[in-house]
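Protein chains in written order, with numbering that gives the first Met the number 0: chain X, 0 to 150; chain A, 0 to 150.
Think of the CB as a built atom: it goes at the ideal place given N, C-alpha and C, for glycine as much as any other residue.
Here the structure is a predicted model, which means the values were calculated and not measured.
2 protein chains.
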Amino acid sequence: MTKTSPSPEAIAAWARLMRVSRQLVERTEDALKAKGLPPLAWYDVLHELAEAGEGGLRPFELIDRVLLAQYGVSRLLARMEADGLVEKLPVSDDGRGQTVRITASGREMRRRIWAVYGACIADRMDGRLSAQDLKTLAGLLGRLRHPPASD
Amino acid sequence: MTKTSPSPEAIAAWARLMRVSRQLVERTEDALKAKGLPPLAWYDVLHELAEAGEGGLRPFELIDRVLLAQYGVSRLLARMEADGLVEKLPVSDDGRGQTVRITASGREMRRRIWAVYGACIADRMDGRLSAQDLKTLAGLLGRLRHPPASD
DNA sequence: TCCTTGTTGATGCAATTGCATCTATATGGA
DNA sequence: TCCATATAGATGCAATTGCATCAACAAGGA
Numbered sequence: 000m001t002k003t004s005p006s007p008e009a010i011a012a013w014a015r016l017m018r019v020s021r022q023l024v025e026r027t028e029d030a031l032k033a034k035g036l037p038p039l040a041w042y043d044v045l046h047e048l049a050e051a052g053e054g055g056l057r058p059f060e061l062i063d064r065v066l067l068a069q070y071g072v073s074r075l076l077a078r079m080e081a082d083g084l085v086e087k088l089p090v091s092d093d094g095r096g097q098t099v100r101i102t103a104s105g106r107e108m109r110r111r112i113w114a115v116y117g118a119c120i121a122d123r124m125d126g127r128l129s130a131q132d133l134k135t136l137a138g139l140l141g142r143l144r145h146p147p148a149s150d
Numbered sequence: 000m001t002k003t004s005p006s007p008e009a010i011a012a013w014a015r016l017m018r019v020s021r022q023l024v025e026r027t028e029d030a031l032k033a034k035g036l037p038p039l040a041w042y043d044v045l046h047e048l049a050e051a052g053e054g055g056l057r058p059f060e061l062i063d064r065v066l067l068a069q070y071g072v073s074r075l076l077a078r079m080e081a082d083g084l085v086e087k088l089p090v091s092d093d094g095r096g097q098t099v100r101i102t103a104s105g106r107e108m109r110r111r112i113w114a115v116y117g118a119c120i121a122d123r124m125d126g127r128l129s130a131q132d133l134k135t136l137a138g139l140l141g142r143l144r145h146p147p148a149s150d
């Protein structure tokens, strides 16, 4: 039988986590909107595809990386393809699937989003916490992750 | 001129924060859905109204507390009123406004949600971090908040 | 009083999301 | 081969959200 009642410390940390993460996301999304740039989820996809290189990624591989549902990935990729940011290629050994690759203008868009996104992160994180505190924070958050981070 | 390029530590902490908070929310929402209970936002409203007591709250007072847009609060309250969880009362000294108060079945719903929500918090937070670590985490997160927490 | 401006809350419409399901292909066993 | 089951991705429809705007009242000055 698992413990069902959280400690006051757990409640306080949870409340802070919920509120702060939402604030940070909202402010960042607002900054992107103000520049006429697409939402954070687009950056996540562009980032993953850029990391993946020429081989690209299969849509199902994006599901866990960007924490979207399968239909979310499907529709997000459709919109991004319509905007010319990614391209879909048939995959030879699996007739069901496709490979998604970032395009040149996708890379350009990624740079433009990062100019705003990176500045938000610098402002909100570096502006408030020391490098050491940021490491401590990342370590603690890592232990909340599923599966827990080892570091 | 603000710094525009985040440190590696800031990026790592940000990435952890984004990912962990989304995971925690998603798991909690799933647990609620599995029990046929409404989303977390409903709990937030019920919680605030319960804290506010008999006097209730004006809808605009909920905006910052639950981090929803004005129209989000308006529509969420409409749904909750339709479900009998809250009631709207005209307010005497301002003909535009209304006061929202939690009902008995709202309190009951709050209890039912907390049974699941609290268990999630206990499992995810107390199950992973010590009370001391939770305090440290809350303190660090507090400094990211806007406005920064003093503790 | 009248007019202008600000505040509170609701809503029409378009975009997005969630849910369930569908098509197409793959895989493995009878 | 044939069939049952699993996997990859798309999509119809309903619910929710975002954006812009609206209506109603408030507040303050001319």
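For A:Ile112, the closest Cβ of chain X is not nearer than 8 Å. Boundaries around X:Arg100 are those of the beta strand (DSSP E), Gln97 to Ile101, since no alpha helix (DSSP H) includes it.
Between the C-alpha atoms of A:Gly55 and X:Gly55 there is a straight-line separation of about 54 Å. DSSP places A:Val90 in no alpha helix (DSSP H); its state is neither H nor E.
Comparing alpha-carbon positions, the option among X:Arg111, X:Ser4 and X:Trp13 lying closest to A:Thr135 turns out to be X:Trp13.
Taking a contact to require three or more Cβ pairs closer than 8 Å, the segment 77–97 of chain A and the segment 2–12 of chain A do not qualify as touching. X:Leu31 is the residue among X:Gln22, X:Val24 and X:Leu31 whose C-alpha sits nearest the C-alpha of X:Val115.
Using a CB distance below 9 Å, the part of the segment 23–35 of chain A facing chain X consists of Leu23, Val24, Glu25 and Arg26, ordered along the chain. With a cutoff of 8 Å on beta-carbon distance, X:Gln22 and A:Arg144 are scored as near each other.
Per DSSP, the continuous alpha helix (DSSP H) segment holding X:Lys32 begins and ends at Pro7 to Ala33. Taking a Cβ-Cβ threshold of 8 Å, the residues of chain A close to X:Arg144 are Arg15, Arg18, Val19 and Gln22, in chain order.
Annotation: Cβ neighbours of A:Ala12 in chain X (cutoff 8 Å, chain order): Met124, Leu128, Leu133, Lys134, Leu136, Ala137 and Leu140. If you draw a 10 Å sphere on the C-beta of X:Asp63, you find fewer than 16 other C-beta atoms in it, and that means exposed. A:Leu128 carries a coil assignment under DSSP once its states are collapsed to helix, strand and coil.
For A:Ser4, the nearest CB of chain X lies under 8 Å from its own CB, placing it at the interface with that chain.
In the structure shown, the three-state DSSP call for A:Leu139 is helix. For A:Leu56, the pairing in a beta bridge is given by DSSP as A:Val99. Under the 8 Å criterion on CB atoms, X:Leu75 is classed as non-interfacial with respect to chain A. The Cβ neighbour count for A:Ser20, taken over all protein chains shown within 10 Å, is at least 16; the residue is labelled buried. Spatial neighbours of A:Arg111 in its own chain (CB-CB distance under 7 Å, excluding positions within 5 residues in sequence) are listed in chain order as Leu36. The beta carbon of A:Leu66 sits closer than 8 Å to some beta carbon of chain X. The Cβ atoms of X:Leu140 and A:Arg78 do not sit closer than 8 Å to each other. Among the residues of chain A, those whose CB is under 8 Å from the CB of X:Pro147 are Arg127, following chain order. Using a Cβ-Cβ cut-off of 7 Å, X:Gly117 is close to Thr3, Ser4 and Pro5 of chain A, given in chain order.
Annotation: the continuous alpha helix (DSSP H) that includes X:Gly71 extends over Gln69 to Ala81.
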